[in-house]
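Below is one structure, written out as structure tokens; comments come after it.
Shown next as structure tokens:
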């Protein structure tokens, strides 16, 4: 009897874990964007970020978007990523977490500050992954890194560890894998089973990569040379499926 | 080093206040040095000029035959399709039912476009200053279903920092993008 109960509990736990992971579509009927997106959809709301503000649109009737609230965010807003009932907003000075349980009135939960740089953010499980990049449109020329942030307490995000990178742009997480576009330096595949001790699995130095979308064991990569698609059905080794080339 | 050698233990309360004040003043002064409030114009680096278009040209969204990928930006995956932004000019629609051999179906020409997101069969995109909602049920015949005018801020300067540029002139139309150019003595900078 006790054993049955334990098995049942274990199944419940495993199922709930599965729900927490993955990069599945955040809203029924919507698709998946890359980490550098400034538009995103959660439920029946379209959110857009400008350089300085978060704008919402009610899209309950998808063909008739209605302008909703506008929230000033300060300066240097770069990316927006929906996760559960929150928005993670990457700016040149830090990561904002907004609560969108009331979709038309996002509430600020916290701000995680870091040095000025370009920085998309994605989240999975109890962790957020932020890349900091130096570059021409950014101010800081020193930081090139991946920061892993514990978000189990959304009101108080804390740095777990910072990993040096070459020139990271977009990133995407699915289950135990994290994919990082290193711009002209290539594509990095990391094992994030232990966020405090991330390990590199593969590094494709000739796949120039700006952003990635991992979903259903397929990775879509964009870069200056074209669009690559890989299978990661084998978690240890990516297989190139195709490349749509850019015409010079 | 200086502080390390300072005989802190033996200073009088009066001097201690003076020391605190001096330290504070030095901090404020140093801080000011690292963040000048008005930086001088850069003397090197890229120079940009605005590219203008009329309001009618800008608000013309149309479906074209597949186009070559040239300068690709944001991507979006939905069902068996891939949507690929061509920076500043529109969206490639790609049939991705077979990821080993994706096929370009059409190109939606959207002036000034950088961003997109999709719900059901409606694609939302930026069209310079406007938000447009497009029906993509038939990828080869994408139709505009709603336009929200002036949803976005005007691009008053190039995205890059530490550059000089020709100041935009509203009388010449809407700035749709910035291009590198060789201009004598441009008056604006950031």
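Chains as they are written, first to last, in my numbering: chain A, 1 to 248; chain B, 1 to 190. Each residue gets a CB set at the ideal place from its N, CA and C atoms; glycine is no exception.
Quiz item: Should residue 10 (chain B) be labelled buried (16 or more other beta-carbon atoms within 10 Å of its own) or exposed?
Solution: The residue labelled residue 10 (chain B) in the question sits at position 10 within the second chain. Residue confidence is low: residue 10 (chain B) scores 47 on pLDDT, short of 50, so the model does not pin down where it sits. No coordinate-derived value is stated.
Quiz item: From this set, B:63, B:135, B:88, B:133, which residue's C-alpha is nearest residue 108 (chain B)'s C-alpha?
Solution: What you label residue 108 (chain B) is simply residue 108 of the second chain in a count that begins at 1. Cα-wise, what sits closest to residue 108 (chain B) is B:63.
Quiz item: Counting contacts by CB-CB distance shorter than 8 angstroms, is residue 77 (chain B) in contact with chain A?
Solution: Translated into the one-based positions of the second chain, residue 77 (chain B) becomes position 77. At least one chain A Cβ lies under 8 angstroms of residue 77 (chain B).
Self-check item: Where residue 61 (chain B) meets chain A, residues with beta-carbon distance less than 7 angstroms
Solution: Taking the first residue of the second chain as position 1, residue 61 (chain B) is located at position 61. Near residue 61 (chain B) there are no residues of chain A at all, since even the closest Cβ is about 15 angstroms away, more than 7 angstroms.
Quiz prompt | Rounded C-alpha distance that separates residue 152 (chain A) from residue 160 (chain A) | solution = Against the first chain, residue 152 (chain A) aligns to sequence position 152. Against the first chain, residue 160 (chain A) aligns to sequence position 160. Straight-line Cα distance between these residues: approximately 12 angstroms.
Quiz item: With a cut-off of 8 angstroms, does the C-beta of residue 39 (chain A) fall near any C-beta of chain B?
Solution: Sequence index remark: in the first chain, residue 39 (chain A) carries index 39 (1-based). Answer yes: the Cβ-Cβ gap between residue 39 (chain A) and chain B drops below 8 angstroms somewhere.
Exercise. Under 9 angstroms between beta-carbons, which chain A residues line up against residue 152 (chain B)? List them in chain order, please.
Key: For this step, residue 152 (chain B) is matched to residue 152 along the second chain. Simply 48, 50, 55.
Exercise. Output yes if chain B places a C-beta closer than 8 angstroms to the C-beta of residue 222 (chain A); else output no.
Key: On the first chain, position 222 is the one that residue 222 (chain A) refers to. Yes, because at least one Cβ of chain B sits closer than 8 angstroms to the Cβ of residue 222 (chain A).
Exercise. Note down the Cα distance separating residue 194 (chain A) from residue 200 (chain A), rounded to an integer number of angstroms.
Key: To locate residue 194 (chain A), count along the first chain from 1; it is residue 194. To locate residue 200 (chain A), count along the first chain from 1; it is residue 200. Cα to Cα, residue 194 (chain A) sits roughly 12 angstroms from residue 200 (chain A).
Practice problem: Answer yes or no: does any C-beta atom of chain B fall closer than 8 angstroms to that of residue 32 (chain A)? | Solution: By 1-based counting over the first chain, the position of residue 32 (chain A) is 32. So yes, residue 32 (chain A) belongs to the interface.
Quiz prompt | Contact with chain A by residue 105 (chain B), beta-carbon distance below 8 angstroms | solution = For the purposes of this step, residue 105 (chain B) is taken as the residue at position 105 of the second chain. Chain A, which has no Cβ nearer than 8 angstroms to the Cβ of residue 105 (chain B), makes this no.
Self-check item: Residues that DSSP places opposite residue 126 (chain B) in a beta bridge
Solution: Residue mapping note: residue 126 (chain B) aligns to position 126 of the second chain, counting from 1. Answer is B:131, bridged to residue 126 (chain B).
Quiz prompt | Simplified DSSP state of residue 170 (chain B), which is helix, strand or coil | solution = The residue given as residue 170 (chain B) occupies position 170 in the second chain. Correct three-state label for residue 170 (chain B): helix.
Practice problem: Classify residue 137 (chain B) as helix, strand or coil using the three-state DSSP reduction. | Solution: By one-based count along the second chain, residue 137 (chain B) stands at place 137. If DSSP states are grouped into helix, strand and coil, residue 137 (chain B) belongs with coil.
Quiz item: Is it the case that the Cβ atoms of residue 35 (chain A) and residue 79 (chain A) are separated by a distance below 8 angstroms?
Solution: Residue mapping note: residue 35 (chain A) aligns to position 35 of the first chain, counting from 1. Residue mapping note: residue 79 (chain A) aligns to position 79 of the first chain, counting from 1. Against a cut-off of 8 angstroms, the Cβ pair of residue 79 (chain A) and residue 35 (chain A) comes out as a contact.
Quiz item: CA-CA distance, residue 144 (chain A) and residue 163 (chain A)?
Solution: Residue mapping note: residue 144 (chain A) aligns to position 144 of the first chain, counting from 1. Residue mapping note: residue 163 (chain A) aligns to position 163 of the first chain, counting from 1. Cα-Cα distance, rounded: 9 angstroms.
Quiz item: Residues in its own chain within less than 8 angstroms of residue 131 (chain B) by CB, not counting five upstream and five downstream?
Solution: Mapped onto the second chain, residue 131 (chain B) falls at position 131. For residue 131 (chain B), where only same-chain residues beyond five positions count, the Cβ hits under 8 angstroms are 124, 125, 147, 148, 151, 152.
Exercise. Return the Cβ separation of residue 43 (chain A) and residue 76 (chain B) in integer angstroms, given the expectation that the two are a contact with Cβ distance under 8 angstroms.
Key: Here residue 43 (chain A) corresponds to residue number 43 of the first chain, with the count starting at 1. Here residue 76 (chain B) corresponds to residue number 76 of the second chain, with the count starting at 1. In fact, because the Cβ distance is near 18 angstroms, the residues do not count as touching under 8 angstroms.
Quiz item: Residues of chain B with CB under 7 angstroms from residue 92 (chain A), in chain order?
Solution: Taking the first residue of the first chain as position 1, residue 92 (chain A) is located at position 92. Going along chain B, no residue has its Cβ under 7 angstroms from residue 92 (chain A), so there is no contact; the nearest lies around 10 angstroms.
Quiz item: Which residue's Cα is closest to the Cα of residue 234 (chain A): A:242, A:217, A:71?
Solution: Position 234 of the first chain holds residue 234 (chain A). It is A:217.
Exercise. Determine the chain B residues that contact residue 134 (chain A) at a beta-carbon separation under 7 angstroms, and present them in chain order.
Key: Here residue 134 (chain A) refers to the residue found at position 134 when the first chain is read from its first residue. Within 7 angstroms Cβ-Cβ: nothing; residue 134 (chain A) doesn't reach chain B, min ~12 angstroms.
Quiz item: The alpha helix (DSSP H) spanning residue 58 (chain B) covers which residue range?
Solution: Position 58 of the second chain, counting from 1, holds the residue named residue 58 (chain B). Residues 55-58.
Exercise. Pull up the distance between the alpha-carbon of residue 96 (chain A) and that of residue 92 (chain B), whole angstroms please.
Key: By one-based count along the first chain, residue 96 (chain A) stands at place 96. By one-based count along the second chain, residue 92 (chain B) stands at place 92. C-alpha separation (whole angstroms): 32 angstroms.
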